[in-house]
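Here the structure comes first, spelled out in structure tokens, and everything after it is commentary.
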Amino acid sequence: MGSSRTRNAAATREAILQSAIRHFALSGYDGVGVREIARDAGVTAMLVNRYFGSKEQLFAEAVETSFAPPTIVAEEPHALARDAAAALTERSDPDADPLEPFLIMLRSVSNPVAVNIVRDAIARHVGRRLAGQLSGPDRQLRADAMLSVMSGVLLMRRVMRSPGLTDSDTDQLTDLFERVFSAIIEPA
């Protein structure tokens, strides 16, 4: 009986977390309440608070879950620009899978608590990982510059659907992004 209850608790917790990720991506931190997240997960708001403590803690875990998986990790250091460009072209495609981490970030930046949580998660899971693949001085600066380019492309191609980016050939985009990333990756 104990292991069934544990499995149900784990499944319930995961359902709440996935509901939170969807809702925060759609509406941002300020645009959704715990009741909506709970309703979508098939539980009560009280149960959400029992599992996560508060909306802020739920948001922090949703962000952590969204940003934790490796996104751009090159097999070889010299392949980083190409791998990052290919990943960006693929993930920014208007028909690609949902962009929960980016949308959570984009739709939550107006809340100071939420933006601190997102910024810390990006630094911990993406920025440091990317900086660790760079060599020479100013690694963190160059990693942040790469992330800024990526965010801009995701916004313009995926969210705003800028015709110059959405109508271009994927190979052409990948080549262009590779040149941009190569310029950033090379230490000054």
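With our numbering as the guide, the letters of the sequence shown map in order to residues 35 to 222.
All C-beta atoms in this analysis are idealised placements derived from N, C-alpha and C, irrespective of residue type, glycine included.
To the nearest angstrom, how far is the alpha carbon of residue i from that of residue j?
| i | j | result |
| --- | --- | --- |
| Ala179 | Gly186 | 11 Å |
| Ala54 | Pro135 | 12 Å |
| Pro103 | Ala222 | 30 Å |
| Leu81 | Gly65 | 20 Å |
| Ala49 | Ser202 | 38 Å |
| Arg31 | Asp209 | Within the shown structure, residues of the chain are numbered from 35 to 222, placing residue 31 beyond reach of any answer. |
Flag this pair as yes or no: are the beta carbons of residue i and residue j separated by less than 8 Å?
| i | j | result |
| --- | --- | --- |
| Ala115 | Ile219 | yes |
| Ala59 | Pro128 | no |
| Ala44 | Glu98 | no |
| Leu164 | Leu189 | no |
| Val152 | Met139 | yes |
| Val147 | Glu90 | yes |
Tell me the residue span of the alpha helix (DSSP H) that contains residue i.
| i | result |
| --- | --- |
| Ala115 | 114–125 |
| Ala165 | 162–166 |
| Glu212 | 204–219 |
| Val97 | 89–101 |
In this structure, how does DSSP classify residue i when only helix, strand and coil are distinguished?
| i | result |
| --- | --- |
| Met190 | helix |
| Tyr85 | helix |
| Asn42 | helix |
| Arg173 | helix |
| Arg195 | coil |
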